[in-house]
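Asker: Top to bottom, those sequences are chains A and B. Residue numbers for the first sequence follow my numbering, so the first one is 31 and each next one is one higher. Residue numbers for the second sequence follow my numbering, so the first one is 171 and each next one is one higher.
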Amino acid sequence: ELKVEQNPLFLSMQEGKNYTIYCNYSTTSDRLYWYRQDPGKSLESLFVLLSNGAVKQEGRLMASLDTKARLSTLHITAAVHDLSATYFCAVEPFALRQLTFGSGTQLTVLP
Amino acid sequence: GAGVSQSPSNKVTEKGKDVELRCDPISGHTALYWYRQSLGQGLEFLIYFQGNSAPDKSGLPSDRFSAERTGGSVSTLTIQRTQQEDSAVYLCASSLLLSDTQYFGPGTRLTVL
Numbered sequence: 031e032l033k034v035e036q037n038p039l040f041l042s043m044q045e046g047k048n049y050t051i052y053c054n055y056s057t058t059s060d061r062l063y064w065y066r067q068d069p070g071k072s073l074e075s076l077f078v079l080l081s082n083g084a085v086k087q088e089g090r091l092m093a094s095l096d097t098k099a100r101l102s103t104l105h106i107t108a109a110v111h112d113l114s115a116t117y118f119c120a121v122e123p124f125a126l127r128q129l130t131f132g133s134g135t136q137l138t139v140l141p
Numbered sequence: 171g172a173g174v175s176q177s178p179s180n181k182v183t184e185k186g187k188d189v190e191l192r193c194d195p196i197s198g199h200t201a202l203y204w205y206r207q208s209l210g211q212g213l214e215f216l217i218y219f220q221g222n223s224a225p226d227k228s229g230l231p232s233d234r235f236s237a238e239r240t241g242g243s244v245s246t247l248t249i250q251r252t253q254q255e256d257s258a259v260y261l262c263a264s265s266l267l268l269s270d271t272q273y274f275g276p277g278t279r280l281t282v283l
């Protein structure tokens with residue numbers, strides 16, 4: 031059974047600081063996704079990472095993938111309040127066209 | 171263009187009743203997925219449809235749950251004889267093809283009293 035573990039589950043950070051969210055998964059995977067969810071809202075796609083060493087950046091967020099370590103990271107640079115949300119990683123295993131999600135990281139950026 | 175839409179946005183029902191949840195995928199998307207999100211279980215896959223292929227029902231939690239997709243577009247998720255543990259937000263997603271990015275709808279919040 032595929033397990034996807036995110037940490038931390040809760041993160042409070044000051045504006046302007048940097049931090050990293052970690053996503054570990056237990057089996058080989060075809061691709062890895064990062065989604066954002068605002069309270070009471072649905073999931074918004076942020077990144078899809080397809081291969082070992084993939085790195086994608088959008089604004090203050092950067093995601094990377096190490097398939098050998100079965101680890102993805104979401105790095106936040108110089109956080110701003112608008113980044114406050116819950117971030118999920120999701121893994122799509124080989125030959126299984128369904129997503130297995132991590133528990134989510136609830137990020138609060140404090141002024 | 172229009173995103174994935176779901177209806178109703180909220181549904182309150184009594185234990186033992188049947189409910190139907192609807193999903194309209196993004197036009198042209200061939201793959202459609204159902205997930206549910208609950209406090210205790212997080213986000214869980216339920217079922218997906220891809221074109222005319224047989225659906226992958228491996229995530230359905232019991233035989234009270236069923237889904238169909240008519241004409242390769244709209245999908246309905248049906249829960250029979252609802253139980254309190256069925257209370258959750260039911261999310262629908264669609265993608266252009268299998269293994270493309272999945273775009274999620276706003277969800278239906280189901281409360282079983």
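Ideal placement from N, C-alpha and C gives every residue a C-beta, glycine not left out.
Less than 7 angstroms between C-beta atoms, sequence neighbours within five positions excluded: which residues of the same chain meet that for Q253/B?
Answerer: Only K185 and V282 meet the Cβ criterion.
Asker: Does S269/B have its Cβ less than 8 angstroms from a Cβ in chain A?
Answerer: Output row for S269/B: interface = yes.
Asker: Look at the alpha carbon of D270/B and the alpha carbon of G89/A, and state the distance between them as a whole number of angstroms.
Answerer: The alpha-carbon atoms of D270/B and G89/A are separated by roughly 23 angstroms.
Asker: What residues of chain B sit near E122/A, judged by a beta carbon separation below 8 angstroms?
Answerer: Within 8 angstroms Cβ-Cβ: S269.
Asker: Based on DSSP bridge pairs, tell me the residues matched to R192/B.
Answerer: BP columns for R192/B point to S177/B and T246/B.
Asker: Using the beta-carbon count (16 or more within 10 Å), is L213/B buried or exposed?
Answerer: It is buried - the Cβ of L213/B has at least 16 other Cβ atoms within 10 Å.
Asker: Nearest-angstrom Cα distance between R234/B and T248/B?
Answerer: Going by the C-alpha atoms only, they are around 8 angstroms apart.
Asker: Do you know offhand how far P38/A's Cα is from G241/B's?
Answerer: Each residue's alpha carbon lies about 43 angstroms from the other.
Asker: Looking only at its own chain, which residues have a Cβ that is under 7 angstroms from the Cβ of G229/B, when we skip the five neighbours before and after it?
Answerer: Closer than 7 angstroms at Cβ, skipping near neighbours: E214, F215, L216 and I217.
Asker: Output yes or no for whether 8 angstroms exceeds the beta carbon distance between P207/B and A258/B.
Answerer: The sequence shown places Gln at residue 207/B, rather than the Pro named in the question. Yes. Within cutoff.
Asker: DSSP three-state label for Q207/B, please.
Answerer: Reduced to three states, the DSSP call for Q207/B is strand.
Asker: Taking only three categories from DSSP, how would you classify E255/B?
Answerer: In the structure shown, E255/B sits in a helix (DSSP, three-state: H, G or I).
Asker: Which residues in the same chain have their Cβ closer than 7 angstroms to the Cβ of K47/A, if we skip the five residues on either side of it in sequence?
Answerer: Closer than 7 angstroms at Cβ, skipping near neighbours: A109.
Asker: So which residues of chain B does S147/A contact, with C-beta pairs closer than 7 angstroms?
Answerer: Residue 147/A falls outside the range modelled here, since chain A spans only 31 to 141, and no answer is possible.
Asker: Which chain A residues are close to G229/B, counting only those with a beta carbon under 8 angstroms from its beta carbon?
Answerer: What G229/B touches in chain A: Q128.
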